[in-house]
Structure formats: structure tokens, C-alpha cells
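Step one of this worksheet: look at the structure below.
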Amino acid sequence: MRRFLRTGHDPARERLKRDLFQFNKTVEHGFPHQPSALGYSPSLRILAIGTRSGAVKLYGAPGVEFMGLHRENNAVMQIHFLPGQCELVTLLDDNSLHLWSLKVKGGVSELQEEESFILRGPPGAAPSATQITEILPHSSRELLYLGTESGSVFVVQLPGFRTLDDRTISSDSVLQWLPEEARHRRVFEMVEALQEHPRDPNQILIGYSRGLVVVWDLQGSRVLYHFLSSQQLENASWQRDGSLIVTCHSDGSHCQWSVCSDSRSPEPLRSSIPYGPFPCKAITKIFWLTTRQGLPFTIFQGGMPRASYGDRHCISVVHNGQQTAFDFTSRVIDFTVLSEADPAAAFDDPYALVVLAEEELVVIDLQTAGWPQVQLPYLASLHCSAITCSHHVSNIPLKLWERVIAAGSRQNLHFSTMEWPIDGGTSLAPPPPQRDLLLTGHEDGTVRFWDASGVCLRLLYKLSTVKVFLTDTDPNENLSAQGEDEWPPLRKVGSFDPYSDDPRLGIQKIFLCKYSGYLAVAGTAGQVLVLELNDEAAEHAVEQAEADLLQDQEGYRWKGHERLAARPGPVCFEAGFQPFVLVQCQPPAVVTSLALHSEWRLVAFGTSHGFGLFDHQQRRQVFVKCTLHPSDQLALEGPLSRVKSLKKSLRQSFRRMRRSRVSGHKRRPGGPMGEAQAQAVSTKAERTGLQNMELAPVQRKIEARSAEDSFTGFVRTLYFADTYLRDSSRHCPSLWAGTNGGTVYAFSLRVPPAERRMDELVRAEQAKEIQLMHRAPVVGILVLDGHSVPLPEPLEVAHDLSKSPDMQGSHQLLVVSEEQFKVFTLPKVSAKLKLKLTALEGSRVRRVGVAHFGSCRAEDYGEHHLAVLTNLGDIQVVSMPLLKPQVRYSCIRREDVSGIASCVFTRYGQGFYLISPSEFERFSLSTKWLVEPRCLVDSTKTKNYNRPSNGNGTGPKRTSGQVRNSRSQSDSEEKKPGPVMEHALLNDESGVLKEIQSTLEGDRGSYSHRRSHRVAVGCSLGNGEGGS
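Under the numbering used here, the letters of the sequence shown match residues 366 to 1393, in that order.
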């Protein structure tokens, strides 16, 4: 064994490894976790989002993205771009200011933090004296005006953050310019509004929370105009020509004030409570925007009737007699309106409303009648329903790609045809080399298809399985529909909808055949659906079959949830993937493994009770195999039945873990039934993720596990192979299954030839049963051909995309358990090689995938290896079939149980894992297959002010992507841990324990363990659209 683990130093091999392997974290796909601030540059046409964990992300044209992180990891409260410059200022919740700049280096832009500053008050001053509430970057590009809680406005010079004390606008200096009647009221408190006059840079508007608004002359240091409201001020803004000021207040009203020289203390021209007369919530922000047609846009946040709609998150748009209150399903963080950017223009002419909500970004087209939404090319809300599983498919054929896009385009007819309005920066990256799909399964029973070809993740198509079943909610029911006369005129917008009609609908496993268009999905309640792609809508009945995995064994009773009731009769399905067969496992436990062989037209599925094989061409069951051990009592309870006593179970689990650490993992003798079940739960928890909290790994032996351990029959993996199973002279189709108890079952299959496929039955017979001595869970099974190359995918050879497997030499079986890799010869199944992973590092295998690594120097050279993720968050590459460790990288924090559980490998050495419920981190292990962004933002180039055009019928531009630095790590470098992902609701084998643990951990920032505040930038690869 040691000869494989302690190989001598081979310089040639080390050079080759450098040409094959390199670790990079390249892109974060999705929506930033816990956003807290929004900024926009009209001149650069770039949007900025800040988060509670101190991250700053900039987005421009599809493919242009920058990301930076403050050293302090404090929440970002405000973001302001400096006028006409590639610079921005951020305010954190510790009252510190930070200057960031986009600088061009090596032909691409980089976002870097230049300097930071904390405003200091006079000695002995209260903290509120310098607590910043408002920031105004002056058009001179040299000054920042800082409004504070004390009512003073400080002036800071840029760059350098030098305070100009002689220019401070104190509340006392303002008070002396007010008339006598205004002085007797407490008109100050904090600064709520700070705005520069749109035509005169020597005048600024200062609004105080007590209702006072003044126009201050910077040159004369005096009050030019003052306006006094009876209500508390929330915000204020100028009309474009400077002749009007609009204020909004805490009672849900907004007022217009005329700025003219003939009145020193005018009454408002107009005051209204849009949703009165009953008490309303505050209007916190307002825009008053002029148009060429003469009728202005009034856009404001809040103001809803307090009693009936006080819990709604709304932004209202009023124009030309039309009023709509856009209703968001998550809290609105901030919003801005995109309008005419040329300062010399006479009118605002707004064209888009950009809203940053807590869980999504929404863009509304204000030019098109009805104000439809604009489809996002990036910043997708991945967690609109919680992600429960994911599946990656590489190198999609063009025909399937076009059909998926065509099906998705029919779902997007309600979107605006406006081109994406945030289009700053230039993408310098080449188009992607191939078309890749990332499929995500969700808690609400949907599967989403994402274009993962480049650095931008774009939604192509959404499949819903809800129509197949009878649920409490009618799928045709529109909860957001309202009559025309309803008031307030609410309209639900956005895609974030975390509530599921039935938790049993959740998708747990996905398998797509890219050559045949067959798709298999399996769910929480034992449902397995087989679907095929249809370019037209159709109405048909879904054939149903039942697979009894207990095989009428006595003494077992299922205590978990009931099965989903299938909808009887024909069901109307839209164009796209349409189900034609439903296989219902009994008991209806979570489906834990799934495999589809589209050439043989077979689908295999496994649960905690056993596994089965179904012929979806003849619509009949081939066989079922019960894998339950007599001690597997908990397997019959199901995750939902344990919720009642979950507190007790968790307490016992953690006590069990503490005892096991102290006693050196010595097994205690079995006690009464209740204690045995609690011990089984703790063993389950320790085995499936909570063991990540153990002490530092030490070298130790692999301990054999008793057959009495719980969940030994849990089917972890299924695998189809055409190999030598019975003798070395004849190969045949076979199905392999691996369980949690270290057992591997092999069934030989007799599949009739194509001409007799519908006449003869598929036969199956158990040929082998392998029991691993250490009884560790089997997480991967693979057959290697005579050249030690993994067998090709079904139909891959028929489509001339792979060489035919070598069927002359002897085949080998590779079994990967949580604790070791083992190679067997076929058909004798005699052990040949093994690598004990746990004996070396004390780690356990969580995910394994086969990947092809191409050389970055030799175009035609490549090697197949195993990519392995452990419970410590390390990624290792292990050679086949000699099982020699090649490289090892730190990728995910060991405490990030959900992130590790969500990881998925691609066939070309890349991978994805969730760093938050709404974000995938993309990484690469290959030097050749590296999706690396590159982009450029240059403020010296004149930016045209043309608004995006409408009516092209193609929706947003289809070149989408993200840009970020590529963080590489060589084999010898020490990599700091990545971000922690706390809340993704992934139903892995640890089930409810994981979900509750993630809930108990609480909300923490997803970037709290980033290693650098300085981030290089680039541009995205365009998303190869095929026929779109």
C-alpha cells in the first residue's frame, strides 16, 4: 500500500501536473447574500450593491462585474459614485468612509480600495455629532458633504479625506438665517436629505428630520430659502430645473415646494397622502421626474395604509392617471430610477426603475405600457424557492440547447423587450468553448435550467412538476390578481417566493440525458418522474406505477409522510419537458439516488429502504430489492415524523458526540429501545455532516462498522454499465447499487434488441454482492474499460462524441466509500488496489466525480482522474486506476456542512457549491477549462446617453456573464478558507438535522472569511446561446 502513497519525486510528472491542475475560484453566480446598499453611476452606467458582510459588487453590461471586500467586514450602509469618475465612496456601519477606484492594469480594470477615513468631531463631542447619515459627492469631484445625526454638515476634500473645518455647515449657522417663528421650534435633529442643485453647484438642499428644508448658498454661507413642514421629514429631491423641491414625510404624505425669490417661507404648492385618509406608513424616498409629454413621474417607497397593508413592501409609480403599487415579497433595501444622464438635458424622461430587495433585484420598464419587468441577464434569484439539489451537464448538443431555449422563451412573454439598461464597461473575454447546463431542483417542485457556459448564470427554462399531483393550491390560481377597482392598486413583482405548497414536492435528484432529451427527477415523497422534451404543448395522462420496496415484509410500518396524490385523467402540459411516467416508491421516503440509461430506456431509483429498476419504454417494473437491515427502524420513520422530538434528538445527538470524543469513539453497549434509537440518530448525524465539528484530524485506522448501525440499507449510489459481470468471455448490461452499510449489489440485465424491445421483457438477476469490510457508506461506483478509461455515457459513442470502450482487455471496478478507494478486477471481483483516505488525513469522502483534465500546453493530451471533496472541505485529485493522489486544495470551510453537501463537479474539472442560499461559488481544478472573466471600464471614453431601445422582440441582450478576479492556488500554496454558507436548505442524507443545525447557527455574512479586500477584475464570457 505504501508504494502508492509515498512515491518518489518525479520532476517530469511534477511539470505535467502543473500543466494539468490549478485551483481557481473564479465567479460567484446568483444574488448577493444579505444586500444592504445600492448605488448607480449614470455616467458609467454601472450598478453597485453592498452587503452586510462588507462586500461591494459592481455590475455593468452582461459580463462586466467587479467585487471587493472591506477589511473590516462591516455592513455597507451607503454607496455613492463620484460624478464622472471611476471612483466610489462607501459608508460602513462603523461610520467609516472608504474610497474605491477602478484602475486599468494590464489591459483590464481592477477594483481596489484606495483609502479609508473616520470623521472625527471636536474633543468631548457626543458620538452623534459625527455619525454620518447622508453623503453628497459634489459635482466639483473634489468635495464630499457629510450630513450627521447632530444636524451639522461636514465638508471633506478628496482625495485624501481632509476635513475642511472652515466650511462646516453647523445647525447654529443655519439657525441664524431663519426667521423668528422658525427658531422657536426644534427644527433640526439629524440630516435626512442632502442634494446638490441640478443647475447651480453653489447651492445645496439640506433637509432635517424635524421638517425643516433649507437651500444653502455655499459661496455666501447663508440660507437662500427655507421650507417648514409640520410632519417629520423622510427625504427630499429636486425637480430637474431646480424650480421645485419635493419632500416626503412620516405620515405617508409628500409635498411640493416652489423655489422662488418672492416668498421667504412659502406654503407647499401641493400636499397629498396618496393612500389616505386613514393612517399610513412613512414615505421613505421619492423621485419627481419630468417628461417631454409634460406629465411627470412620481415614484416613491412606502406610504401604504398602516392597518391593512402595513406589512407590504411597496414602491408606487404614478404617471398620467395611472398608478401602480409594485408589491415585493421581500423587504425593499433601496431603489433608483434610470433617466436622462446628460446634465444639460431639459427633461428627466425616466426609462427604468431599479429596485434592490432583500432577496432579489427587479427592473421595471417605464417606457412600455403596463410597466412590465425586464428580464435579468445576471443577479438571478437562485433561491426564489430553496435549492434542494443540483445537476451539471457539460457540452450540450446544439439541437437540445435550441429546444430548451425555445421552450423557455415561451415562458418569458410577459417580460419587457427592452435591452438591458445597465450596460457600462466592455467585455474582453472570448466566447465559451462549449454549452453547459446547470439544473437546480427546488423545494416547490420546480427544476430550473441555467446557462452555465460562461461566467454569467442565466435562466433558460423552468420546469414545474406540481401539475402532476393534487395539492392544496390550484396551479391556475393567481394569488396576486386583483380587480381593476381594487385600492391600493397592488401588483406582485419579482420571482422570490420561498413558500412551498407542500414540502413533499421538493426535488431531491435530477438526471438528464443530453443526447435523447430524457429527464428523470425524483422527490421527497418517493415520486420518480420520467419526462421527455416536446416542442409543443400537449394534454395527456401520466401513467402511474408503484414500487413496493419492502416487498410485503412483515413487522415494518412506515411512520412518515404520506405519498402525493397523483392528478387523475389527462393533464395539460406546456411546451418543454413533459412527464409521461410516474413511479411511486412505497414507503414514500425521500429518493436518495437516481440513474437513467436512455439507450436501454431504464431508470433506477433508490431510497432508505431499497432500490428498483423500471422500464419506461414498456412502462413496467423490472425488479425491486429491499436493502433494509432488521435494525433499520429509523428508516421507517421518515424525516417529517421526527420533527416533534427533534429538540430531544438533537440534544442526545450532541451529547453522544461529546461522549464519543472523550471515550475515543468506543461503542457503548445497547440499552433500551429509546436509547438505541437516540444512538442511531447520533450515529447518523455524526456520519453525515455534524462530524465536521470534530477535533483536528489525526491519523487513525478505519474502524469496521457494525451491521447494527442505523440506515445501513440507505442506497447512496446507482450506476449502469455494460461490462463483464458473470464471465470474461461475454459482457452484458448491468446495474450496480451501493448502500450506506458498505454493500455493493450487482445485477446483470438482459435488454432485448431494438427490434424486439417492445415485445420481450427486460430481465434482471442478481450476480454479485460485495461487502466492504469497514462497512463505510458507498458514495461512488465506476467501471473502467481495458484501457483503464471510464465507460462512456449512454448514446455518447452513437453520437461520435466518444471512442468505443475497449472490451478486449479486462475491466476494473472502482468502489469509492467514505473512507477508502478500492479497485476490483472483473468479473472475479478480487481486490487489486486500495487507497485509505481516512488513515491518511482523517477525512471522509463527501462528493466524487470523474473529470477529464486537458493540458494547457499540449492540445491533444489529457487524463481522466477522480475529483474528490471531503468533509474537511478539501478537494483532491486521485489518479485512475493506480489511485495515486495528485494534488490537494482547500476549497470550502469544514464547518460549512451545507456548502459541502451542495457541491457538484463537472466533467472537465470545474465545480459549483453554495456559499449562501442565493449564491453559487464556481471553481476550477483545470488549467485548460477555466472560465475566467476579463473586462474594462474607462471613464475617459465618452458615454452616449441613449436609452435602451424597445420593441426588438428579443428581450435583454443574450450575451451575459459576470466578472471577477480569478483566485488561483498552486499545489504547494496554503489557501485560506472560503466563505461559509449557512442556510441553503439542502436535503442531503442528514435530512432534518442539517436544516435545524443551519437554522440554529443564525445569520452570518457569507464573506466573513474572505482573504483579501482587493479584487482584480475582468469580463465575462458570453453565454453561447446556440440557436437563441
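Heads up, the beta-carbon is just placed ideally off N, CA and C, and yes, glycines get one too.
- How close, in whole Å, do the beta carbons of A1129 and V946 come, if the pair is a contact with beta carbons under 8 Å? Contact between A1129 and V946 does not hold, since their C-beta atoms are separated by about 18 Å, which reaches or exceeds 8 Å.
- Three-state secondary structure (DSSP) of R527: Looking at R527 - three-state DSSP - the assignment turns out to be strand.
- Item | Alpha-carbon to alpha-carbon, Y1084 and S963 | Spanning the alpha carbons of S963 and Y1084 requires a straight line of approximately 13 Å.
- Query: By DSSP, does G888 sit in helix, in strand, or in coil?
  - Reply: In the three-state scheme derived from DSSP, where H, G and I count as helix and E and B as strand, G888 is classed as strand.
- Where Y674 sits in the DSSP three-state scheme: Here DSSP, grouped into helix, strand and coil, assigns Y674 to helix.
- In the structure shown, what three-state DSSP assignment does V1345 receive? At V1345, the pLDDT of 35 sits below 50, so the modelled position is not reliable and the matter cannot be decided from this model.
- Message: Please give me, in chain order, every unbroken run of the alpha helix (DSSP H) with length at least 4 that falls completely inside the region 937-1009.
- Response: 1003-1006, all fully within the region 937-1009.
- Query: Can you name the start and end residues of the alpha helix (DSSP H) that R383 belongs to?
  - Reply: Segment 376-385, the alpha helix (DSSP H) holding R383.
- Message: Pairs of beta-carbons, one from the region 1240-1251 and one from the region 1295-1305, closer than 8 Å: are there three or more?
- Response: Verdict: no, contact absent.
- Message: Am I right that H756 and P1282 are in contact with their C-beta atoms under 8 Å? What's the rounded C-beta distance?
- Response: Rounded, the Cβ-Cβ distance is 18 Å, inconsistent with contact.
- Message: Could you check whether the Cβ of E480 sits closer than 8 Å to any heavy atom belonging to the ligand SAH?
- Response: The model depicted lacks the ligand SAH and carries no ligand whatsoever.
- Query: The alpha helix (DSSP H) with R768 in it runs from where to where?
  - Reply: R768 -> alpha helix (DSSP H) spans 763-776.
- Query: Which whole-angstrom value is the C-beta distance of I610 and W622, which I expect to be below 8 Å?
  - Reply: Between W622 and I610 the Cβ distance is about 5 Å, and since that is below 8 Å, they are a contact.
- In this structure, what does DSSP give as the bridge partners for A690? Looking at the DSSP assignment, A690 forms a beta bridge with S681, L855.
- Message: Buried or exposed for L385, going by 16 or more other Cβ atoms inside 10 Å?
- Response: With 16 or more other Cβ atoms within 10 Å, it is buried.
- Task: For F1285, write down the residues that DSSP places opposite it in a beta bridge.
- Result: According to DSSP, residue pairing for F1285 in a beta bridge involves H394, L1279.
- Query: What first and last residue would you give for the alpha helix (DSSP H) that runs through A1266?
  - Reply: Its alpha helix (DSSP H) spans residues 1262-1266.
- Under the assumption that Y573 contacts L543 (Cβ atoms under 8 Å), give the Cβ distance between them as a whole number of angstroms. Distance from Y573 to L543 at the Cβ level is roughly 11 Å; contact not present, criterion being Cβ atoms closer than 8 Å.
- Item | Run of the beta strand (DSSP E) containing V1243, from where it starts to where it stops | 1239-1244 is the extent of the beta strand (DSSP E) around V1243.
- Message: When you compare the region 974-993 with the region 1107-1124, are there three or more beta-carbon pairs, one atom per stretch, that lie closer than 8 Å?
- Response: The region 974-993 is in contact with the region 1107-1124.
- Simplified DSSP state of A706, which is helix, strand or coil: Looking at A706 - three-state DSSP - the assignment turns out to be coil, as it is neither helix nor strand.
- Message: With distance defined between alpha-carbon atoms, name the residue in K382, P376, L381, N389 nearest to S1290.
- Response: This sequence places Leu at residue 1290; Ser is not what is there. Checked all of K382, P376, L381, N389; the closest Cα to L1290 is N389.
- Query: So, is I1240 buried or exposed, given that buried needs 16 or more other C-beta atoms within 10 angstroms?
  - Reply: Result: buried.
- Task: Check S493 in the structure and name its three-state DSSP category.
- Result: Of the three classes helix, strand and coil, the one that applies to S493 here is helix, per DSSP.
- What did DSSP end up calling R1091 once you bin it into helix, strand or coil? Three-state result, R1091: strand.
- Query: What are the uninterrupted segments assigned as beta strand (DSSP E) that are 3 or more residues long and contained completely in the region 1114-1197, given in chain order?
  - Reply: Whole beta strand (DSSP E) segments, 3+ residues: 1128-1136, 1143-1149, 1177-1182, 1185-1190.
- Task: Starting from A717, follow its DSSP beta bridges and name the residues at the other end.
- Result: Residue pairing of A717 in beta bridges, as defined by DSSP: L703, D730.
- Query: To the nearest angstrom, how far is it from the Cα of L634 to the Cα of A722?
  - Reply: So the alpha carbons of these two residues sit roughly 33 Å apart.
- For Q738 and G471, the rounded distance between their alpha carbons: Cα-Cα distance, rounded: 38 Å.
- Counting Cβ pairs closer than 8 Å, one from the region 1187-1197 and one from the region 1253-1265, do we hit at least three? For the pair of segments examined, the region 1187-1197 was found not to touch the region 1253-1265: the number of CB pairs separated by less than 8 Å stays below three.
- Is V473 closer than 9 Å to V441 when the C-beta atoms are compared? No, the pair does not count as a contact, with Cβ atoms beyond the cut-off.
- For the region 950-968 against the region 874-884, are there 3 or more C-beta pairs whose distance is under 8 Å? Yes, they touch.
- Task: Have a look at the DSSP bridge pairing and note the partners of K1201.
- Result: In DSSP, K1201 forms a bridge with Q1185.
- Query: When burial is assigned at 16 or more other CB atoms within 10 Å of the CB, is P933 buried or exposed?
  - Reply: By the C-beta density criterion, P933 is exposed, having fewer than 16 other C-beta atoms within 10 angstroms.
- Look up P935 in the DSSP assignment and say whether it is helix, strand or coil. In the structure shown, P935 sits in coil (DSSP, three-state: anything other than H, G, I, E or B).
- Message: According to DSSP, R548 sits in a beta bridge with which residue or residues?
- Response: Residue pairing for R548: DSSP places it in no beta bridge.
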